[in-house]
Amino acid sequence: MTDNIALQPVRHKKRQDNKHRNSCCSWSRCCGMGDFKPRTVWLGHPEKRDQRYPRNVINNQKYNFFTFLPGVLFNQFKYFFNLYFLLLACSQFVPELRLGALYTYWVPLGFVLIITIGREAVEEIRCFIRDKEVNSQIYSKLSARGTVKVKSSAIQVGDLIIVEKNQRVPADMIFLRTSERNGSCFLRTDQLDGETDWKLRLPVACTQRLPTAADLLQIRSFVYAEEPNIDIHNFIGTFTREDGDPPVNESLSIENALWASTVIASGTVVGVVIYTGKELRSVMNTSNPRNKIGLFDLEVNCLTKILFGALVVVSLVMVALQHFAGRWYLQILRFILLFSNIVPISLRVNLDMGKMVYSWMIRRDSKIPGTVVKASTIPEQLGRISYLLTDKTGTLTQNEMVFRRLHLGTVAYGMDSMDEVQSHVFSAYTQPSHDLPASRAPAATKVRKSISSRVHDAVKAIALCHNVTPVYESNGVTDQAEAEQHYEDACRVYQASSPDEVALVQWTESVGLTLVGRDQASMQLRTPGGQILNFTILQIFPFTYESRRMGVIVRDDSSGEIAFYMKGADVVMAGIVQYNDWLEEECGNMAREGLRVLVVAKKSLSEEQYQDFEARYVQAKLSVHDRSLKVATVIESLEMEMELLCLTGVEDQLQTDVRPTLEILRNAGIKVWMLTGDKLETATCTAKNAHLVTRTQDIHLFRQVTTRGEAHLELNAFRRKHDCALVISGDSLEICLKFYEYEFMELACQCPTVVCCRCAPTQKAQIVRLLKQRTGKLTCAVGDGGNDVSMIQEADCGVGVEGKEGKQASLAADFSVTEFKHLGRLLMVHGRNSYKRSAALSQFVIHRSLCISTMQAVFSSVFYFASIPLYQGFLIIGYSTLYTMFPVFSLVLDKDVKSEVAMLYPELYKDLLKGRPLSFKTFLLWVLISIYQGSIIMYGALLLFESEFVHIVAISFTSLILTELLMVALTIQTWHWLMIVAELLSLACYVASLVFLHEFIDVYFLATLSFLWKVTVITLVSCLPLYILKYLRRRFSPPSYSKLTS
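Numbering (my numbering), first residue to last: 794 to 1839.
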């Protein structure tokens, strides 16, 4: 987000850097790399190194060839669930514990492991192929033998590498030379910092002046670079040429650095490699996001532990009823094995495969095109979100800036009066200043002329104070070189690091003053009359989140005048400009209209003043210790008593359908909080504009507090308010969280909406973390910029919006959408369906296992508590796979209402927030159903079985299969053709397999009338009461969704 203003950024950044550096250092020590140290790198001489450097290999794999199998198996068996089944299978090698064929235990476990290993293998192979592709990219290297080709993985510290236009930078380098005439190059950094705008980079002046690139090998020079760290926005180093007369010493900063993973956007560059492999800035910034485990998975895990407890209790009861006779401890183990079906091994596989189906459905939904599921393990989370935390710029708003207002203090120009500004600019360049002598000019003309010159000064300042570069591209008619030479308007595009900047420069073009050319040393403006004005850029001070302002010192080539222009946030600029009585009031007025305000100021400098400043500035830039502090001090010496020229107001328009989407979320019982780096007035205005705060709601502006006492008083004042939205700034929030964390969170959670402005990225993540801890509810974070990544990774569910600020947020997120409005359907339809389907699926799998376990318990108790299995061999495997798997799994296609109804009545979503689809109550209900059906089937079969035991197996097993198929049919709410196919296919598989099951089932008995009526009676008794109960419930106490479908 370009508008993010970090709160006390130095402290946050230092703390973060140290944390990362310490962790990096300790990690590198483990790997035998030692501490990170500063380095001296000789140009073109990698052998002259003073320490060992890592290989330039990108490796994103979790395992290697030798660790893959042990690693995957360890990750599987560290969970109680899988370890339990492994111990069961291993116990079958002990003769006293063996209950049947080995394959009845090993085949299901093997099936689960093969699926898991296969999935991990596919991911690892994909990762290996991607890494190999990057590591095998070919680059040109300058050497004593001329230019040689080298793989990215073979690049070393000290190598001189040539990188072509549109080629990825292979390692962290210092920029030495460029082929561009203007002596600079542009860099695309969207894969590093998430910003899509190009960055300007400058070569080392000494090496750029050399006649050819080959001369780099002829000079004796080295780069002194700081130790590797994670800060991608700063760099400290020096360049030294020893064989110069006198020796040359140049300071190096971020402007001279080319980080790996960026792309050269213009020209061909030559750089010297300073960091490789694990020491690359991009690699050190790749934090491993925490592995998110869904709340649903934790609940299922809890239920399986309860089932395991029940398994142990049933086994103990069976042995107790035998009065612990003989080797009772072995009997306990045999019963645990016998009833092992109580904990279903197929549950994990069914749920994992279900998640894959839900992810596929989300990707295939034509109403939310471009949606990507990154974390296929947590789609159920989307169905239970209680708090949604969203960024503002680029998420709720389009991040497309439109210039709306120019304010000069006494006069303001809106969109309808821009023609006046145009005429003032036109008159400034067409009328000679001595046309009207002051003595003869009437008073009105004097006033008009002063307004005209003020407008001209303001427009000129806006046209000069920025980091925008006009780039010319061929348009089919005119080629690039010709367009650049003649400043063709049709071929010109503006590139900058912020959309605000481009909007300002496009506005100056619309009123007659056009930026037509720029390189690192000069700028060219075209007047309304077509005249080209040349300005020399003497110094440029780029915008940073710490300073919240940018400045430029330029010399007008025609008059020789030196001017220092500056623009920035009103909070900072108020102390820099001369005293005035309108700045604060007008900034507030413009912010209330939802405009982003910048204050523009100017200071004229004499040649002596500038020379004095330059000497001090160069000296400060050469220092290695506390460089940034010394540089800032020198710049601040200029930033005094500046002339206030104007205020500019730029509007950031709302994304399409933001209002209806927020209304849907509110009606669904989801509380929306907006966390932004923008100023308080703009954030409040956007909240009103987006209807985040409804018309009937009051807004409580939390007063600026700096002490514990003030925070206490303000919290008490806020406690007396009811049903009002809270708006609080980042620094007040920090004070409240420091002293009254519990009280503040308690009050904030009662608000319908909370807006936090001036929020640092670390604060956004802190708010998410506190919400999760204090409420225990599920959170979803939505953002589009690199500064939203920490919040997205901290939330239970992170959604990235692919926006103007690049893809960093969407790459780090669990789900990626192209527009904010898609969030409504993602939660209301897909989230709701995923959660309800998984709940039904898990309960059904548990029911299936409990049914057969109940039958086993009844069978054992009738036959004197003998630990003999009721079903053996393929019957026990086929039951949970071939015969019932397809119908049970087809529940992932079930839905209670159509997607249109779910979107129309978001209140349906509110029901899920209580977690009713999978609760202890529903679990207990399914346990009772399982016990009832298992008992009826087994006792029915025992009552009706003929003289042979084999008939019991035939009657009970067939009734069991039919009961399962009928129960699936009973549970389904909306039939899909695949569900019917699954039911019929399972039945057909059972009938067809009877031919091979003659050792367990008497096939001839199945054809008799006796068998058919007995199975029919048992199945009806087990299922009919449940059908009657379901009908009565829907008749007298229907669920909310059935009222909408009827």
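Cβ coordinates follow ideal geometry from the N, Cα and C atoms, glycine included.
Please determine, among the options, the residue with the shortest C-alpha to C-alpha distance to residue i.
i	options	result
Glu-926	Ile-908, Ile-907 and Asn-853	Asn-853
Ser-924	Gln-869, Ile-1178 and Asn-849	At residue 924 the sequence reads Asp, which differs from the Ser that was named. Here the closest residue by C-alpha is Asn-849.
Thr-1000	Leu-1388, Glu-1035 and Arg-981	Glu-1035
Pro-1832	Thr-1801, Leu-1817, Thr-1188 and Lys-1703	Lys-1703
Gln-1215	Trp-1300, Val-1195, Leu-1519 and His-1279	Trp-1300
Glu-973	Thr-897, Ile-1057, Ser-1631 and Leu-880	Ile-1057
Thr-1475	Thr-1186, Phe-886 and Ser-1627	Thr-1186
Pro-1818	Gln-1766, Pro-1172, His-1769 and Gln-1726	Gln-1726
Leu-1686	Tyr-856, Gly-1147, Thr-1441 and Ser-1351	Gly-1147
Pro-1292	Leu-1530, Asp-1689, Gln-1446 and Gly-939	Gln-1446
Thr-1190	Met-1435, Ala-1483, Pro-1021 and Asn-1327	Ala-1483
Met-1316	Glu-1266, Ile-1255 and Glu-1072	Ile-1255
Lys-1472	Phe-1658, Cys-1380 and Phe-1789	Cys-1380
Ser-1014	Pro-1004, Cys-920 and Val-997	Val-997
Leu-1519	Lys-1464, Leu-1571, Ile-1333 and Glu-1407	Lys-1464
Leu-1763	Ser-1786, Tyr-1732, Trp-1770 and Leu-1684	Leu-1684
His-1769	Ala-1695, Lys-1688, Val-1547 and Glu-1757	Lys-1688
Ser-1583	Ile-1560, Ile-1325 and Glu-1534	Ile-1560
His-1249	Leu-1619, His-1200 and Val-1286	His-1200
Thr-1715	Leu-1705, Leu-1697, Gln-1636 and His-1744	Gln-1636
Met-1194	Ala-1289, Phe-1652 and Phe-859	Ala-1289
Val-1761	Ala-1775, Phe-1750 and Glu-1407	Ala-1775
Residue i: buried (16+ other C-beta within 10 angstroms of its C-beta) or exposed?
i	result
Tyr-1122	exposed
Val-905	buried
Leu-876	exposed
Glu-889	exposed
Asn-1042	exposed
Ser-1210	exposed
Phe-1829	exposed
Glu-1693	exposed
Met-794	At Met-794, the pLDDT of 38 sits below 50, so the modelled position is not reliable; the number obtained from the coordinates is stated separately. Met-794 is buried by the Cβ-count criterion.
Ser-1480	First, the amino acid is wrong: residue 1480 is Ala here, not Ser. With 16 or more other Cβ atoms within 10 Å, it is buried.
Pro-1699	buried
Lys-1239	Note that Lys-1239 scores a pLDDT of 43, beneath 50, so its modelled location is shaky and nothing firm can be said.
Ile-1639	buried
Thr-1546	buried
Lys-992	buried
Using 7 Å as the threshold, is the C-beta distance between residue i and residue j below it?
i	j	result
Ser-1181	Cys-883	Strictly speaking, residue 1181 in this sequence is Leu, with Ser absent from that position. No, the pair does not count as a contact, with Cβ atoms beyond the cut-off.
Leu-779	Ile-1722	The requested residue 779 is not part of the displayed model; the chain covers only 794 to 1839.
Val-1218	Leu-1308	no
Thr-1055	Thr-971	no
Gly-1576	Arg-1551	no
Ala-1504	Ile-1528	yes
Leu-881	Tyr-898	yes
Gly-1624	Ile-1457	no
Gly-837	Leu-953	yes
Roughly how far, in whole angstroms, is the beta-carbon of residue i from the beta-carbon of residue j, given that I think they are within contact range, below 8 Å?
i	j	result
Ile-1794	Ala-1747	5 Å
Met-1433	Ala-1394	With a Cβ gap of about 11 Å, Met-1433 and Ala-1394 do not count as contacting.
Ile-741	Ala-1103	There is no way to answer for residue 741, as the model of the chain reaches only from 794 to 1839.
Tyr-1410	Leu-1331	Rounded, the Cβ-Cβ distance is 10 Å, inconsistent with contact.
Val-1345	Cys-1258	5 Å
Tyr-1834	Val-1690	5 Å
Gly-1361	Arg-1341	5 Å
Gln-1371	Glu-1436	6 Å
Thr-1164	Ile-1155	6 Å
Let me check you understand the geometry: is the CB of residue i closer than 6 Å to at least one non-hydrogen atom of the ligand HEM?
i	result
Ala-1541	Judged by which ligands are present, the structure shown has none, so any question about the ligand HEM falls away.
- With a cut-off of 8 Å, do at least 3 Cβ pairs link the stretch 1416-1428 to the stretch 1370-1377? Contact between the stretch 1416-1428 and the stretch 1370-1377 is absent, because fewer than three Cβ pairs lie under 8 Å.
- Task: Evaluate the contact criterion for the stretch 862-878 versus the stretch 1640-1660: three or more CB pairs, one atom per stretch, below 8 Å.
- Result: Under the Cβ criterion (8 Å, minimum of three pairs), the stretch 862-878 does not count as touching the stretch 1640-1660.
- Message: Below 8 Å, how does it come out for the stretch 1406-1421 and the stretch 1150-1169: are there three or more Cβ pairs, yes or no?
- Response: Result no; under three Cβ-Cβ pairs closer than 8 Å.
- Message: Any contact between the stretch 1024-1032 and the stretch 939-949? By contact I mean 3 or more CB pairs, one from each, below 8 Å.
- Response: Counting Cβ pairs under 8 Å, fewer than three are found: no touch.
- Count the C-beta pairs between the stretch 1628-1640 and the stretch 1699-1713 that are closer than 8 Å, then say yes if the count reaches three, no if not. With the cut-off at 8 Å, the stretch 1628-1640 and the stretch 1699-1713 touch.
- Query: Does the stretch 1123-1142 come close enough to the stretch 1646-1666 that 3 or more CB-CB pairs lie under 8 Å?
  - Reply: Contact check between the stretch 1646-1666 and the stretch 1123-1142: three or more CB pairs, one atom from each, fall below 8 Å, which counts as touching.
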